[in-house]
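Notes follow the structure.
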Amino acid sequence: MQQRGERKDETFMTRHAIVVIAALGLTSCALRESTLPVVRVEGTLIYFERLALPPSARVDVELRDTARADAPARTLATQRIPTSQGPPFKFALSVPAAAIDPRAALSVFAAIRDGERLMFITDTHHSVPHEGASGMDIRLTFVASAAGDPAPGIVTPVPTAYRCGDETFRIAFEEGRAYVTLTDGSLMTLDRLKTAGAPESPRTFTNGRLTFVQATEGAQGPRVQFARGRMALAPCTRID
Numbered sequence: 219m220q221q222r223g224e225r226k227d228e229t230f231m232t233r234h235a236i237v238v239i240a241a242l243g244l245t246s247c248a249l250r251e252s253t254l255p256v257v258r259v260e261g262t263l264i265y266f267e268r269l270a271l272p273p274s275a276r277v278d279v280e281l282r283d284t285a286r287a288d289a290p291a292r293t294l295a296t297q298r299i300p301t302s303q304g305p306p307f308k309f310a311l312s313v314p315a316a317a318i319d320p321r322a323a324l325s326v327f328a329a330i331r332d333g334e335r336l337m338f339i340t341d342t343h344h345s346v347p348h349e350g351a352s353g354m355d356i357r358l359t360f361v362a363s364a365a366g367d368p369a370p371g372i373v374t375p376v377p378t379a380y381r382c383g384d385e386t387f388r389i390a391f392e393e394g395r396a397y398v399t400l401t402d403g404s405l406m407t408l409d410r411l412k413t414a415g416a417p418e419s420p421r422t423f424t425n426g427r428l429t430f431v432q433a434t435e436g437a438q439g440p441r442v443q444f445a446r447g448r449m450a451l452a453p454c455t456r457i458d
């Protein structure tokens, strides 16, 4: 009887030891995960238009890697913010540092949509250092719809893809402005410069950082040139 009792005690102690070791292993893993370096990006989204968002609207913020101009941006972190929390909208994105390529070009992209309707979007590039950032103030630009557009908020006319040097853009030219979609999905609005000249003269659209010149119609459509800042204009090739 005594030997049976001793065996039961040994069995109980063995099982107890296994449970304790397993718990310690899980705790150790959790501690290692909690101490891994994390890149955090925090800030505020604002817009200046006096416009109340519908309850069905959604605010999406993304941290993207836009290093490759010839490929879609890679999304590293996302956050959806309830419209009841703003504006302004506070955002906080985080991603393990090990998930960021040393060659990555990090940027914050944000948009407000109501169903398929695009209402607001970032129209400039908001770069983020690899160590993260806090206190970012990001302004959203209202996307106006054309009169009679059956799908409000969609930029018209339909944009055309152009290859300009080693960069790719989707551009929608209108009479007074051009809408340029960058590789990270952000939208920039470029106003047309008012210059004296014949109606068929080249049209220049710029925001000071990007400049596009649309010349008269050719066999392949309008000829387009592009420049960043004060760099010389370079020809763009339409991508079919």
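Per the working numbering, residue 219 is the first one in the sequence shown, and the count goes up by one each step.
The beta-carbon is built from N, C-alpha and C at its ideal position, and this holds for glycine as well.
Under the three-state reduction of DSSP output, A450 falls in the coil class, being neither helix nor strand. Taking a contact as a CB-CB distance under 8 Å, the pair P420 and A433 counts as one, their CB atoms being some 4 Å apart.
When rounded, the separation of the alpha-carbon atoms in P290 and V346 is 18 Å. When C-beta atoms of the stretch 378 to 396 are compared with those of the stretch 330 to 339, fewer than three pairs fall below 8 Å, so the two segments do not count as touching.
In this structure, D283 is the residue among D278, D283, F444 with its C-alpha nearest to the C-alpha of I318. T340 is the residue among T340, V361, H348 whose C-alpha sits nearest the C-alpha of D355.
According to the DSSP assignment, Q297 belongs to the beta strand (DSSP E) that extends over 292 to 299. Under the three-state reduction of DSSP, A351 is assigned to strand.
Of the candidates T293, G426, F387, T429, T293 places its Cα closest to the Cα of F327.
A450 is not a Cβ neighbour of F423, given a cutoff of 7 Å. DSSP, reduced to helix, strand and coil, places S312 within a strand of the structure shown. Rounded to whole angstroms, the separation of the alpha carbons of V442 and F430 is 7 Å.
At least 7 Å separates the beta-carbon of P320 from that of L254. Rounded to whole angstroms, R298 and E280 show a C-alpha spacing of 9 Å. The shortest CA-to-CA distance from V277 to any of K412, D409, A329 is the one to A329. In this structure L358 is not in contact with L271, their Cβ atoms being roughly 11 Å apart against a cut-off of 8 Å.
Rounded to the nearest whole angstrom, the CA to CA distance from E260 to R286 is 24 Å. Using a Cβ distance threshold of 7 Å, L408 and N425 count as a contacting pair. Nearest to A323 by C-alpha distance, out of K308, I457, R446, H348, is H348.
Out of L269, R448, V256, F391, the CA that lies nearest to the CA of F338 is found in L269. In this model, A316 and G350 are separated by some 13 Å (Cα to Cα). In this chain, the beta strand (DSSP E) harbouring I339 covers 335 to 339.
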